[in-house]
Structure formats: structure tokens, C-alpha cells
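Colleague:
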Amino acid sequence: MDERDMNRCINVNITKLCDTNERNEDYILPDYIADIKKLVQCDSEAVLHNVFNNGNNLLCEGEIVYNVLCICEDDSLQSIIYSDTFTLNIPVKDDNVESVSYFCKTENPNARLVNPRRISFRARLNIFMQKNESVDTEPEISCNEDICLQKKTEKIRSMMISSECEANLHASHDIEISSALPEVSAIVYCKVNTVVNEIKKTDTQASIRGESYINILYLGNDSNYHKISETVGFNEYIANEYTDDDACICEVRIKDIKVSVQNNSFGEMRIIELDYGYDLCHKHYYGVRCEAVCDAYSTKKEFCFSKEEIEYIRPYEAFSSPLSVNEIMELSVEGDIIPKHAVEVNANVDSHELFYDAERNKFVLHGEIEWTLLCICEGEERYTVIKQTAPFKYEREGCGYKFDLFEEHKCDIIKCNAEINGSKTSLNAELYINAVLGAKEKHCRAVNCTVSEKENNRSSVMTLYYPVKGETLWEVAKRYKCRCEDIIEVNSLQNEDLAAVKVLLIP
Numbered sequence: 001m002d003e004r005d006m007n008r009c010i011n012v013n014i015t016k017l018c019d020t021n022e023r024n025e026d027y028i029l030p031d032y033i034a035d036i037k038k039l040v041q042c043d044s045e046a047v048l049h050n051v052f053n054n055g056n057n058l059l060c061e062g063e064i065v066y067n068v069l070c071i072c073e074d075d076s077l078q079s080i081i082y083s084d085t086f087t088l089n090i091p092v093k094d095d096n097v098e099s100v101s102y103f104c105k106t107e108n109p110n111a112r113l114v115n116p117r118r119i120s121f122r123a124r125l126n127i128f129m130q131k132n133e134s135v136d137t138e139p140e141i142s143c144n145e146d147i148c149l150q151k152k153t154e155k156i157r158s159m160m161i162s163s164e165c166e167a168n169l170h171a172s173h174d175i176e177i178s179s180a181l182p183e184v185s186a187i188v189y190c191k192v193n194t195v196v197n198e199i200k201k202t203d204t205q206a207s208i209r210g211e212s213y214i215n216i217l218y219l220g221n222d223s224n225y226h227k228i229s230e231t232v233g234f235n236e237y238i239a240n241e242y243t244d245d246d247a248c249i250c251e252v253r254i255k256d257i258k259v260s261v262q263n264n265s266f267g268e269m270r271i272i273e274l275d276y277g278y279d280l281c282h283k284h285y286y287g288v289r290c291e292a293v294c295d296a297y298s299t300k301k302e303f304c305f306s307k308e309e310i311e312y313i314r315p316y317e318a319f320s321s322p323l324s325v326n327e328i329m330e331l332s333v334e335g336d337i338i339p340k341h342a343v344e345v346n347a348n349v350d351s352h353e354l355f356y357d358a359e360r361n362k363f364v365l366h367g368e369i370e371w372t373l374l375c376i377c378e379g380e381e382r383y384t385v386i387k388q389t390a391p392f393k394y395e396r397e398g399c400g401y402k403f404d405l406f407e408e409h410k411c412d413i414i415k416c417n418a419e420i421n422g423s424k425t426s427l428n429a430e431l432y433i434n435a436v437l438g439a440k441e442k443h444c445r446a447v448n449c450t451v452s453e454k455e456n457n458r459s460s461v462m463t464l465y466y467p468v469k470g471e472t473l474w475e476v477a478k479r480y481k482c483r484c485e486d487i488i489e490v491n492s493l494q495n496e497d498l499a500a501v502k503v504l505l506i507p
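Numbering (this note's numbering), first residue to last: 1 to 507.
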């Protein structure tokens, strides 16, 4: 943590700049893809490549990537990826462009089959602006003798300060398919999810251990679809610029997945070569959600706070926890369609609420999972898509201290499976929950600042009474933003968590 940030916090304000820009694009299939009979599923993701803010207008250049799963006329399952670039010019007014960042998201992705060779893609594009405003968590002390009387009231409401250390990494894996499964004819798609299980910090670096969950759907030489899952561990080291007292959490962003199939030593197509990159993001949390109300006045000889009350949340713990959700339900289908086999299952999680139950000493998470199954059914349609939603609840032991959670927590689906057995379907999802926990602390104190003038050089000696817990002289100098040699004396007061700090002030 930079010493300039010791008594500062950041207001994080996120504003939606554009929420009505709906993108429509037509895609004509290349010759090597057969005619499409039915669209099964459509997803989209947006990314900003270039952003320019001249103070009046925001020029955004980026890309929307659509991923659609479809059934062709030959009853093969095909994954189609199509990207569309965009350029937007949005009116915006901001005086401090250096403290502003931008990101984008898509909503309601949709794909429509115009004819067997043409797909119409549509998605709503949202552009967001994030503004970070630095504010003081403590009022500045002024010793200007021209001020006769000053009253000051400050209200500070801050979300959090977070800093990130990023590492761009690369991974390669060879996955050999068991002899119990058929050989590979074609790869339909590949998904990689990565979670962090452990973070260990030293003075110079952080050791980050985790696992990558790999799910591959392929078309075998028996004309059926098969799914294989692999778990690969990793251990990476990145630079650590923060103290061990900071609560930290780590996130992983997968990118640029490439899959190819090779022959094994027997000439069989059983080796899948997987190559991908990932960004390791090490986030630190401190100085969050600070609220202060101060009444202060100043005279020529004395400056004091008649009242100062500061309430803030101190981060104590960051945790990442795995969670297994199992459901047995009857699938809701129309007509006389009977699901026979689940080819693929996807799940989206919505975590509604994460809170601390002090009576039971439990962290409790409520949410729901939307399941999407691609099934082979008995009847005229070979494939059908079934969507169902089910609630879930997660509990974790607390540490006996009342926590107030930060504004944000994150819940990700790592892998999911489905097994159809008659009228009942067993659904399983592996989730990972990331959260940072903090506890409210309140300081009500009187800080008396007595100024005495010297006749020779008109320098001043200021005495501050401040809550201090065993701080060194260097730490006190950092707190008051002065040199160590300017601190004359630090005396701890008996029976109180206070210290008297005498500082030499030179005009």
C-alpha cells in the first residue's frame, strides 16, 4: 500500500452510458458447414479494444463475439463463432479522465435462423463508466493563524480501495482419451474454467495455487457425442507489493483457447492438444466503506476537534470456497417428447444474497441456478433444449466475529453434469464462491492539537492525541506525512489506546 493512501479512500461510481444500442448482424455460413436445421443456444461476449475520451465525447471501438450451437441437416451438432466489430461515439463530460475506466457487457443475446444458410444475430450492448474519486478519510489540520474561526463538517462514504496485480500466463495440456471411448472425428467445443484454492504471500511475491477444469464435447467415429472432463492443477508466482495484513483474493480470466487432435503411438485419434492463455488477477482490499462526521474549529493558538466519529469496514478475510449443488427433478417438456439422453448441460448461477448469521455463526448464501439441457429425445425431433430453474443455499462456518460483508461477492459455475434416468433427472453443478469479509469498526475520539510558537524562526510544535497501537516512529511519520526527524516525541498514554505525538512544523 502506498504511504500516500494511508488516510485516503476511493469512491467507486459506476454509470451506465449506453443501454439502448442494439446490434443486429447477419452471418452467411461458409461452404464447409452444412445447412442448418435448428438453432439450439446462443451466447455473446463484448470487449473494448480502444477508448478515447476528449472530455466531451467518448469514442469506443470493440468487438462482440457470438457463439451459437446448432443442428445441421445431416443431424450433426455444430458450434459457430462469429465476431462483429463496433464503433460508438457517446457524449460524455468528465473533467478528470485519468481516474475513469470503461467496460462493456452484452444483454439478451439472440440468434434467428433466416434461412438454412443465414443466421441473424442480435444483442444489446451496454457501455459502463467507472470513476474512482480519492477522498481523505480524516480532515486536514491547518495551523494558519489568519483563520479566526472555522467550522467544518465532512461526510465521507466510500466503497473500497482495490488494487490489482496482473500476470499474463500460458498453459498447454495433452489429454489422452480412454480406450473405452471412441476415437475423435471432430471437436464440437471446449470450455476451461479455473479457480484459485490458495494464496500465500511473502514480502516479494505471492504463490497462487489452483485448478483448471476442462470440459470437451466431441463427435466420435461412432457418430455419437461424447463429453470428457479433466482437472489440471497449477502453481504460479507473481509479484507481491502489499502487506500481509491486506485482504486479498485472486481471479482468473481464460482467453485464446485452441484445440487440435493428434494421433497416438497406435495411429488412433485419441490425443487432444489444448493450448490457452489466462490472466491471473491478484486483488487487494483495504480502507473500505468509510463514513466520517467531523465538527472542527480553529483559532490562532489552538486547533481541536470537538467531535470526530469514524465508522469503517476493515477487511479481515478473503475466502474462496467450492460448493456442490445436486438436484433431482422432473424435466418440464411440452407435448409427448421424452428426454432420453443429455448431450450437454450448461448452468448459470444468480447469487441473490450473502450475509452473516451471528446467532448460528454461519455465512449464508441464497441463490438460484438456471439449467439448460441439450437432450436427445424420443420422437420426431432428435434434439431439444430444456430450461429449468432451481434455488440453492450455501452455508459456511464463521469465525465467531460479526462480519459485515463488502458490496460485491462472486459465484461462478465451474462444471456441471446431468444424467437422465426415466422420468427423473440428476443435475450436479460445481460452484466456486469468492467473497471478502470485513467487520465494522467505529472510532469516537477527541483529537486536541495545541500549537505553540517559537520567537526565533516562528516554527511550531503540534501535539496530536491519536489512536495508536504500537506504531514505530517511521509508521507515525507515514501517518502524518512528515519526516522522521520532524517528530520530536511519541508518548503512549496509560490506560488508553492513544499516543501523544509532537511534530515540528516549519512554515
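We put the CB at the ideal spot given by N, CA and C, even for glycine.
With a CB to CB cut of under 8 Å and the five nearest residues on each side skipped, what residues in its chain are close to Lys362?
Modeller: For the purposes of this step, residue 362 is taken as the residue at position 362 of the sequence shown. Take Lys362, set aside five residues on each side of it, and the residues of its chain with a beta-carbon closer than 8 Å to its own are Tyr356, Glu395, Arg396, Glu397 and Gly398, in chain order.
Colleague: Output needed for Leu217: all residues of its chain with C-beta closer than 7 Å, excluding positions within five of it in sequence on either side, in chain order.
Modeller: If you number the sequence shown from 1, residue 217 lands on position 217. So the list reads Val188, Tyr189, Tyr225, Lys227 and Glu344, once near-sequence residues are dropped.
Colleague: Just to confirm my understanding: we take Leu48, look at its own chain, exclude 5 residues before and 5 after, and list those with CB closer than 7 Å. What are they?
Modeller: Start at 1 with the first residue of the sequence shown, and residue 48 comes out as number 48. Cβ within range, chain order: Cys60, Gly62, Tyr102, Phe103 and Cys104.
Colleague: Are Ile376 and Lys340 closer than 8 Å when you measure CB to CB?
Modeller: Taking the first residue of the sequence shown as 1, we reach residue 376 at position 376. Taking the first residue of the sequence shown as 1, we reach residue 340 at position 340. In terms of Cβ geometry, Ile376 and Lys340 form a close pair [threshold 8 Å].
Colleague: Hey, how far is the Cα of Ile71 from the Cα of Ile28?
Modeller: As a first step, residue 71 is located in the sequence shown; it is residue number 71 there, counting from the start. As a first step, residue 28 is located in the sequence shown; it is residue number 28 there, counting from the start. Taking C-alpha positions only, Ile71 is separated from Ile28 by approximately 16 Å.
Colleague: Please report the residue range of the beta strand (DSSP E) in which Asp350 lies.
Modeller: Your numbering for residue 350 matches position 350 in the sequence shown. Element bounds for Asp350: Ile338 to Asp357.
Colleague: Output needed for Ala186: all residues of its chain with C-beta closer than 7 Å, excluding positions within five of it in sequence on either side, in chain order.
Modeller: Position 186 of the sequence shown, counted from the first residue, corresponds to residue 186. For Ala186, where only same-chain residues beyond five positions count, the Cβ hits under 7 Å are Tyr218 and Leu219.
Colleague: For my contact list, Tyr82 and Ala171 are in at a C-beta cut-off of 8 Å; report their separation, rounded to the angstrom.
Modeller: Counting from one through the sequence shown, the residue named residue 82 turns up at place 82. Counting from one through the sequence shown, the residue named residue 171 turns up at place 171. 26 Å between Cβ atoms; not a contact.
Colleague: Among Leu280, Ile175 and Leu374, which residue has its Cα nearest to the Cα of Asn346?
Modeller: Within the sequence shown, the letter at position 346 stands for residue 346. The shortest C-alpha separation from Asn346 is found at Leu374.
Colleague: Using DSSP's beta-bridge definition, name the partner residues of Pro30.
Modeller: Sequence index remark: in the sequence shown, residue 30 carries index 30 (1-based). Answer is none; Pro30 lacks a bridge partner.
Colleague: Can you tell me where the beta strand (DSSP E) with Asn54 in it begins and where it stops?
Modeller: Sequence index remark: in the sequence shown, residue 54 carries index 54 (1-based). Segment: none, Asn54 is in no beta strand (DSSP E) and carries neither H nor E.
Colleague: So, do the region 252-259 and the region 408-422 have three or more beta carbon pairs nearer to each other than 8 Å?
Modeller: no
Colleague: Excluding the 5 residues flanking Thr87 on each side, which residues of the same chain have their C-beta closer than 6 Å to its C-beta?
Modeller: Here residue 87 corresponds to residue number 87 of the sequence shown, with the count starting at 1. Only Glu61 meet the Cβ criterion.
Colleague: With 16 as the cutoff for other CB atoms within 10 Å, does Ile33 come out buried or exposed?
Modeller: In the sequence shown, residue 33 corresponds to position 33, counting from 1. Counting every other CB atom within 10 Å of its CB across the protein chains shown gives Ile33 a total below 16, marking it as exposed.
Colleague: How big is the Cα-Cα spacing for Lys37 and Pro322?
Modeller: Translated into the one-based positions of the sequence shown, residue 37 becomes position 37. Translated into the one-based positions of the sequence shown, residue 322 becomes position 322. Each residue's Cα considered, the two are about 39 Å apart.
Colleague: Starting from the C-beta of Pro391, find all residues in its chain whose C-beta is less than 6 Å away, skip the five residues before and the five after it, and write them out in chain order.
Modeller: What you label residue 391 is simply residue 391 of the sequence shown in a count that begins at 1. Within the same chain, Pro391 has close Cβ partners Glu368.
Colleague: To the nearest angstrom, how far is it from the Cα of Val436 to the Cα of Val195?
Modeller: Counting from one through the sequence shown, the residue named residue 436 turns up at place 436. Counting from one through the sequence shown, the residue named residue 195 turns up at place 195. Computed Cα separation, rounded: 16 Å.
Colleague: Considering only C-alpha positions, which residue in the set Arg122, Asn53 and Asp74 is nearest to Pro91?
Modeller: For the purposes of this step, residue 91 is taken as residue 91 along the sequence shown, with counting starting at 1. The shortest C-alpha separation from Pro91 is found at Asn53.
Colleague: Assuming Gly233 is part of the beta strand (DSSP E), what are its boundary residues?
Modeller: Position 233 of the sequence shown, counted from the first residue, corresponds to residue 233. Segment Tyr225 to Ala239, the beta strand (DSSP E) holding Gly233.
Colleague: Exposed or buried, what is Phe266 when buried is set at 16 or more other beta-carbons lying within 10 Å of its beta-carbon?
Modeller: Translated into the one-based positions of the sequence shown, residue 266 becomes position 266. Result: exposed.
Colleague: Anyone know if the C-beta pair for Leu280 and Ile208 falls short of 8 Å?
Modeller: Here residue 280 corresponds to residue number 280 of the sequence shown, with the count starting at 1. Here residue 208 corresponds to residue number 208 of the sequence shown, with the count starting at 1. Yes, Cβ-Cβ distance for Leu280 and Ile208 is below 8 Å.
Colleague: Opposite Arg396 in the DSSP bridges: which residues?
Modeller: In the sequence shown, the residue the question calls residue 396 occupies position 396. Phe363.
Colleague: Measuring CB to CB, does Ile64 end up less than 8 Å from Leu125?
Modeller: For the purposes of this step, residue 64 is taken as the residue at position 64 of the sequence shown. For the purposes of this step, residue 125 is taken as the residue at position 125 of the sequence shown. In this structure, Leu125 lies closer than 8 Å to Ile64 by Cβ.
Colleague: Asn326 to Ala429, Cα distance in whole Å?
Modeller: The sequence position of residue 326 within the sequence shown is 326, counting from 1. The sequence position of residue 429 within the sequence shown is 429, counting from 1. Near 7 Å, if we compare the C-alpha coordinates of Ala429 and Asn326.
Colleague: Which residues does DSSP list as the beta-bridge partners of Asn168?
Modeller: Locating residue 168 in the sequence shown gives position 168, where the first residue counts as 1. Per DSSP, Asp279.
Colleague: By the 10 Å Cβ neighbour count, where 16 or more other Cβ atoms means buried, how is Thr384 classified, buried or exposed?
Modeller: Numbered from its first residue, the sequence shown carries residue 384 at position 384. Buried, because 16 or more other Cβ atoms sit within 10 Å of the Cβ of Thr384.
Colleague: Since Glu330 is in the beta strand (DSSP E), which residue starts that stretch and which ends it?
Modeller: On the sequence shown, residue 330 is found 330 positions in, with the first residue counted as 1. Element bounds for Glu330: n/a, residue is neither H nor E.
Colleague: Please classify Pro30 as buried or exposed, where buried requires at least 16 neighbouring CB atoms within 10 angstroms.
Modeller: Here residue 30 refers to the residue found at position 30 of the sequence shown. Counting the other CB atoms within 10 Å of its CB gives Pro30 a total below 16, which places it among the exposed residues.
Colleague: Can you tell me whether Phe266 is helix, strand or coil according to DSSP?
Modeller: Looking up residue 266 in the sequence shown gives position 266. Note: Phe266 maps to coil in three-state DSSP.
Colleague: To the nearest angstrom, how far is the alpha carbon of Val468 from that of Arg360?
Modeller: Here residue 468 refers to the residue found at position 468 of the sequence shown. Here residue 360 refers to the residue found at position 360 of the sequence shown. In this predicted model, Val468 has a pLDDT of only 47, less than 50, meaning its place in the structure is not dependable; the value taken from the coordinates is given anyway. Spanning the two alpha carbons is a distance of roughly 34 Å.
Colleague: Glu378 bridges to which residues according to DSSP?
Modeller: For the purposes of this step, residue 378 is taken as the residue at position 378 of the sequence shown. Answer by DSSP bridge pairing, in chain order: Ile338.
Colleague: Round the Cβ separation of Thr372 and Gln41 to the nearest angstrom and send it over; I've been treating them as touching at under 8 Å.
Modeller: If you number the sequence shown from 1, residue 372 lands on position 372. If you number the sequence shown from 1, residue 41 lands on position 41. Rounded to whole angstroms, the Cβ separation of Thr372 and Gln41 is 7 Å, and the two are in contact under 8 Å.
Colleague: Just the C-alpha distance for Asn67 and Asp84, rounded to the nearest angstrom, thanks.
Modeller: In the sequence shown, residue 67 corresponds to position 67, counting from 1. In the sequence shown, residue 84 corresponds to position 84, counting from 1. The alpha-carbon atoms of Asn67 and Asp84 are separated by roughly 12 Å.
Colleague: DSSP three-state label for Arg124, please.
Modeller: Here the question's residue 124 lines up with position 124 in the sequence shown. Looking at Arg124 - three-state DSSP - the assignment turns out to be strand.
Colleague: Per the DSSP calculation, Ala429 is bridged to which residue(s)?
Modeller: The residue labelled residue 429 in the question sits at position 429 within the sequence shown. According to DSSP, which records beta bridges pairwise, Ala429 is partnered with Val325 and Cys416.
Colleague: Could you check what DSSP says for Val97 in three-state terms: helix, strand or coil?
Modeller: If you number the sequence shown from 1, residue 97 lands on position 97. Reliability fails at Val97, whose pLDDT of 48 lies under 50, so the model's placement of it is uncertain and the value that follows must be treated cautiously. The answer is helix: DSSP assigns Val97 an H, G or I state.
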